[in-house]
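Student: Questions regarding the structure given below will be posed in turn.
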Amino acid sequence: MSLKLHNTLGRELQAFEPIDPDSVRLYSCGPTVYNYAHIGNLRAYVFVDVLRRTLEYFDYRVQHVMNITDVGHLSDDGDHGEDKLVRRSRESGNSVWDIAAYYTEAFFRHTTQLNIRSPHHAPRATDHIPEMITLIQRLEEKGYTYTAGGNVYYDISRFPRYGALAGLDLSSLKAGARVDVDSNKRNPGDFVLWFTRSKFEKQAMVWDSPWGRGYPGWHIECSAMSMKYLGEQLDIHCGGVDHISVHHTNEIAQAEAVTGKQYVKYWLHNEFLVMDRGKMSKSEGGFLTLDTLTERGYEALDYRYFCLLAHYRSELRFSFDALDAARSARRRIVSRIRTRMSEAGSDFPPGDPDQTPVSDTSPAQRYLAAFASDLEDDLNTPRAVAQLWGLLKDDDVPAAEALAAALRMDDVLGIGLASVQREENTSVPAEVLSLVQERQAARTERDFARADQIRDTVREMGYVIVDNAGGPEVKRHDA
RNA sequence: GGCGCCGUGCCCAAGUGGUUAAGGGAGGGGCCUGCAAAGCCCCCAUUCGUCGGUUCGAAUCCGACCGGCGCCUCCA
């Protein structure tokens, strides 16, 4: 079997064959840094990370680029007043640039907590205004643009294949069904490449251009930056399903009009995380950030594990009950890893887990093979996780080999198994140890009420006391 | 209005024509324990929104209906 991915272009599973056999040019839509990423946004980045790790697991060399949008659609469409960024700027006394920097840093702090590998390049839109202007000029030279009302528009009537990705039938689209039509547009589907005037009068970031002082339309940045860092043709471009009909459709129109080549070979789109009343959005409330979860006692990796339990093309319903289930399950996995470590002893020396091979005849191979084939089947992480469980529950697999195989799986899953410390290496504060001794004394005197009280105290401090045959054992509760 | 997605046990969620419908959580039973907790073992859907149809055979294909949702906006 070989890797198969669902290509939005064609809406079918296709065998993955990169343009260049040994390397993969991967572009993923990044964050807009005017606010924190919410956990729905973060699901998308977990998906891209699993995709990238899967490619690397199968020995592809991946070049991954992700944009940082810090201009162009910084305003919130539902906000009829002041540009949010401007307002935050005024309230905080910081510049819009500082705010973008702040949320960019917050974004990467969150993705790091989620064990998401950083892209090789994370270019900021504001650093690539000249590239965007150049691209717009090339479109202009080829006759794909017009100017009206101070803005430069892309004329979709000049691009016959417009809408192919989304399967749009332009004649049947109901223009203005949800939004007022911009009267400057020749066709409702036309979109702005460069603004000098817009409904957002207080746009804070502006640059000089051949068309006047203004700022770029949103779609142009991805075309400009992806081509700068990855060339005119990409293997994979991913993003949320919401981008199919507008953003990615427009990207294709921009890029292919200029190059005359197919822009992207495989388009991958992830479904939404949904709340009880529908998708999570920045304006509708129900806005949960990763910090919200960690403040409530969840680990970031619990959320990552939660994301892996559903296929990326399925909506995933978020609830704290479901997250609790994920946390319990992940703790149990970690616990099994610990148990296996103590069983394996010196058979599994600490160090680089990738250096510990799993022998070809090991019963662990069965699980690794199933794991690989689940990933090859359009990144079926729910099944891949089930293989990890099968491996860890199978007593016929020697501990050292089970560990090596589990850590190999964690190369893709990224749920923190590699960092599980051996029990004996876990440091327990002296205060806790002293309480444990005190409890032992109470138990000897059969003062069980006192003993139980101390146990509760220790538990509140984050440690669990296990009364083994050989004496009490203390474990960190949350690890 | 157009395009598209979903409805599987108490909960989350795989499975998309064929032996016993993954896995996890919760729950029940057991081991262990002074009792717990943690851990481990076992159990837990003749059934896949409803009603028809196609087929030797359907959760899986087709149709209708009910229910939920997404996109057509500078949303992951």
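If you read the first sequence in my numbering, its first letter stands for residue -10, the second for the next number, and so on. All C-beta atoms in this analysis are idealised placements derived from N, C-alpha and C, irrespective of residue type, glycine included.
So within the region 295 to 354, which uninterrupted alpha helix (DSSP H) runs reach at least 4 residues, ignoring any that extend past its ends?
Tutor: Runs found: 309 to 333.
Student: Please state the DSSP three-state secondary structure of tyrosine 204.
Tutor: Reduced to three states, the DSSP call for tyrosine 204 is strand.
Student: What's the gap between the Cα of aspartate 363 and the Cα of threonine 43?
Tutor: About 11 Å.
Student: Should leucine 298 and proline 205 be called a contact, given that it needs their Cβ atoms to be closer than 7 Å?
Tutor: Contact: no.
Student: Taking the CB atoms as reference points, tell me whether arginine 293 and leucine 103 lie closer together than 7 Å.
Tutor: Yes, the pair counts as a contact, with Cβ atoms nearer than the cut-off.
Student: Among the residues of its own chain, which have a CB less than 6 Å from the CB of lysine 464, if the five just before and after it don't count?
Tutor: Val453.
Student: Got a sec? Which residues, its chain only, sit under 8 Å from arginine 50 by beta carbon, not counting five neighbours each side?
Tutor: Within the same chain, arginine 50 has close Cβ partners Asp11, Ser12, Val13.
Student: Taking contact to mean at least 3 C-beta pairs separated by less than 8 Å, is the region 248 to 259 in contact with the region 140 to 147?
Tutor: With the cut-off at 8 Å, the region 248 to 259 and the region 140 to 147 do not touch.
Student: What would DSSP say about asparagine 56, mapped onto helix, strand or coil?
Tutor: Three-state DSSP puts asparagine 56 in coil, outside helix and strand.
Student: Quick check on this structure: which residue in Ser84, Cys211, Phe360 has the alpha carbon closest to the alpha carbon of leucine 46?
Tutor: Residue 46 is actually tyrosine in this sequence, not leucine. Tyrosine 46 has its Cα closest to that of Phe360, out of Ser84, Cys211, Phe360.
Student: Counting Cβ pairs, one atom from each stretch, are 3 or more of them under 8 Å apart for the region 397 to 406 and the region 375 to 385?
Tutor: Because the criterion of three Cβ pairs below 8 Å is met, the region 397 to 406 and the region 375 to 385 touch.
Student: Work out the CA separation of arginine 321 and alanine 393 for me, nearest whole Å.
Tutor: Roughly 18 Å separates the two Cα atoms.
Student: How do the region 230 to 237 and the region 117 to 135 stand: do at least 3 beta-carbon pairs fall below 8 Å, yes or no?
Tutor: No, because fewer than three Cβ pairs between the region 230 to 237 and the region 117 to 135 fall closer than 8 Å, the two stretches do not touch.
Student: Between isoleucine 28 and leucine 219, how many whole angstroms is the CB-CB distance? I'm expecting something under 8 Å.
Tutor: Actually they do not touch by this definition, with Cβ atoms about 28 Å apart.
Student: Answer yes or no: do tyrosine 301 and phenylalanine 36 have a C-beta to C-beta separation smaller than 7 Å?
Tutor: Cβ atoms of tyrosine 301 and phenylalanine 36: closer than 7 Å.
Student: Assuming glutamine 185 and alanine 114 are in contact, meaning their beta carbons sit under 8 Å apart, how far apart are those beta carbons, in whole angstroms?
Tutor: Per the sequence shown, residue 185 should be read as threonine rather than glutamine. The pair is not a contact, with the Cβ atoms about 18 Å apart (cut-off 8 Å).
Student: Classify phenylalanine 437 as buried or exposed, calling it buried when 16 or more other Cβ atoms lie within 10 Å of its own Cβ.
Tutor: Looking at its Cβ environment, which holds fewer than 16 other Cβ atoms inside 10 Å, phenylalanine 437 is exposed.
Student: Please classify asparagine -4: is it buried, with 16 or more other beta-carbons within 10 angstroms of its beta-carbon, or exposed?
Tutor: Counting Cβ neighbours within 10 Å, asparagine -4 comes out buried, since at least 16 surround it.
Student: Given this structure, state the Cα-to-Cα distance separating glutamine 354 from leucine 40, to the nearest angstrom.
Tutor: Taking the straight line joining both Cα atoms gives about 22 Å.
Student: Would you mind reading off the limits of the alpha helix (DSSP H) that contains glutamine 426?
Tutor: Counting along the chain, the alpha helix (DSSP H) containing glutamine 426 begins and ends at 419 to 433.
Student: Quick one: grab the DSSP three-state call for arginine 0.
Tutor: In the structure shown, arginine 0 sits in coil (DSSP, three-state: anything other than H, G, I, E or B).
Student: With H, G and I counted as helix, E and B as strand and the rest as coil, what does DSSP make of glutamine -6?
Tutor: The question names glutamine, but residue -6 in the sequence shown is leucine. DSSP places leucine -6 in strand when its eight states are reduced to three.
Student: Keeping to the same chain, check which residues put their C-beta closer than 6 Å to that of isoleucine 122; ignore five residues upstream and five downstream.
Tutor: Once the five neighbours on either side are set aside, the close Cβ partners of isoleucine 122 are Ser198.
Student: Is glutamine 442 buried or exposed, if buried means 16 or more other CB atoms sit within 10 Å of its CB?
Tutor: Flag for glutamine 442 reads exposed.
Student: Have a look at proline 177 and aspartate 171 and give me their C-alpha separation to the nearest angstrom.
Tutor: Rounded to the nearest angstrom, the two C-alpha atoms are 7 Å apart.
Student: Buried or exposed for valine 425, please, with buried defined as at least 16 other CB atoms from any protein chain shown within 10 angstroms of its CB.
Tutor: Classification of valine 425: buried, given that the 10 Å Cβ count is 16 or more.
Student: Helix, strand or coil: how does DSSP classify isoleucine 454 here?
Tutor: Note: isoleucine 454 maps to strand in three-state DSSP.
Student: Going by CA-CA distance only, name the one from Met330, Met264, Arg319 that's closest to phenylalanine 309.
Tutor: Per the Cα distances, Met264.
Student: Looking only at its own chain, which residues have a Cβ that is under 6 Å from the Cβ of phenylalanine 148, when we skip the five neighbours before and after it?
Tutor: Counting only Cβ-Cβ distances below 6 Å, and skipping sequence neighbours, we find Ala242, Ala246.
Student: Excluding five sequence neighbours on each side, which residues of the same chain lie with their C-beta closer than 7 Å to the C-beta of glutamine 429?
Tutor: Pro461, listed in sequence order.
Student: Tell me whether the beta-carbon of histidine 208 lies closer than 7 Å to the beta-carbon of histidine 226.
Tutor: Not in contact: histidine 208 and histidine 226 (Cβ atoms no closer than 7 Å).
Student: From which residue to which residue does the beta strand (DSSP E) around histidine 226 run?
Tutor: Looking at the DSSP string, the run of the beta strand (DSSP E) that includes histidine 226 is 223 to 229.
Student: Would you list the one or two residues that DSSP bridges to arginine 14?
Tutor: According to DSSP, arginine 14 bridges with Gln52.
Student: Along the alpha helix (DSSP H) that carries histidine 99, what are the first and last residues, could you check?
Tutor: Here the alpha helix (DSSP H) through histidine 99 covers 85 to 102.
Student: Within a Cβ cutoff of 7 Å, which residues of the same chain sit near aspartate 179, ignoring the five residues on either side of it in sequence?
Tutor: So the qualifying residues of the chain are Tyr142, Tyr143, Asp144, Ile145.
Student: Please classify serine 215 as buried or exposed, where buried requires at least 16 neighbouring CB atoms within 10 angstroms.
Tutor: By the neighbour-count rule (16 or more Cβ atoms within 10 Å), serine 215 is buried.
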